[in-house]
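Colleague: 0 is the number of the first residue of the sequence shown in numbering that gives the first Met the number 0; add one for each residue after it.
Note that CB positions come from ideal geometry on N, CA and C, so glycine has one too.
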Amino acid sequence: MKTLTGKEEEIMGFFWDKGPLFVRQILDFYDEPRPHFNTVSTFVRGLEEKGYVAHRAMGNTYQYYAAVSRDEYKKKTLKSVICKYFNNSYLGVVSSLVQEEEISLEELKKLIREVENANK
0 MKTLTGKEEE
10 IMGFFWDKGP
20 LFVRQILDFY
30 DEPRPHFNTV
40 STFVRGLEEK
50 GYVAHRAMGN
60 TYQYYAAVSR
70 DEYKKKTLKS
80 VICKYFNNSY
90 LGVVSSLVQE
100 EEISLEELKK
110 LIREVENANK
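Following this line, the structure appears as structure tokens:
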């Protein structure tokens, strides 16, 4: 699964939140000045080429829908970050969060309890 740009993630958010959409509908989610129809269409086709969206023909136009769930994308992205920046070490991720004080000792204890309960 290829990574997404910020704009592609934004457009995927529309599909994940709203369901199947036509390109014209996507334009309605933007504030003025809205991007040009062709710009959004190009992003959507790029998402389709990457396998993130698919389409069904509706008359002379296409309705697009997410082919990858938000959860699938989050898992893939997290795994990619862990691989790229933490040498595939989940322990390294947790250690970094603790060292940077992004997670408190109480939160860490809660996480450990959740993992222990999930393994029972």
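Which word fits residue 20, buried or exposed, when buried means at least 16 other C-beta atoms lie within 10 angstroms of its C-beta?
Modeller: Numbered from its first residue, the sequence shown carries residue 20 at position 21. Answer is buried; the Cβ neighbour count reaches 16.
Colleague: Tell me which residue opens and which closes the beta strand (DSSP E) that residue 11 is part of.
Modeller: As a working mapping, residue 11 is identified with position 12 in the sequence shown. Segment 5 to 17 is the alpha helix (DSSP H) holding residue 11; no beta strand (DSSP E) there.
Colleague: I need the DSSP call for residue 52, collapsed to helix, strand or coil.
Modeller: Counting from one through the sequence shown, the residue named residue 52 turns up at place 53. DSSP places residue 52 in strand when its eight states are reduced to three.
Colleague: What residue range does the beta strand (DSSP E) around residue 72 cover?
Modeller: Looking up residue 72 in the sequence shown gives position 73. Run containing residue 72: none in the beta strand (DSSP E); it sits in the alpha helix (DSSP H), 69 to 85.
Colleague: Within a Cβ cutoff of 8 Å, which residues of the same chain sit near residue 23, ignoring the five residues on either side of it in sequence?
Modeller: As a first step, residue 23 is located in the sequence shown; it is residue number 24 there, counting from the start. Answer for residue 23: 36, listed in chain order.
Colleague: Taking contact to mean 3 or more Cβ pairs, one atom from each stretch, closer than 8 Å, check whether the region 41 to 58 and the region 94 to 103 are in contact.
Modeller: In short, these stretches do not touch, since the Cβ pair count stays below three.
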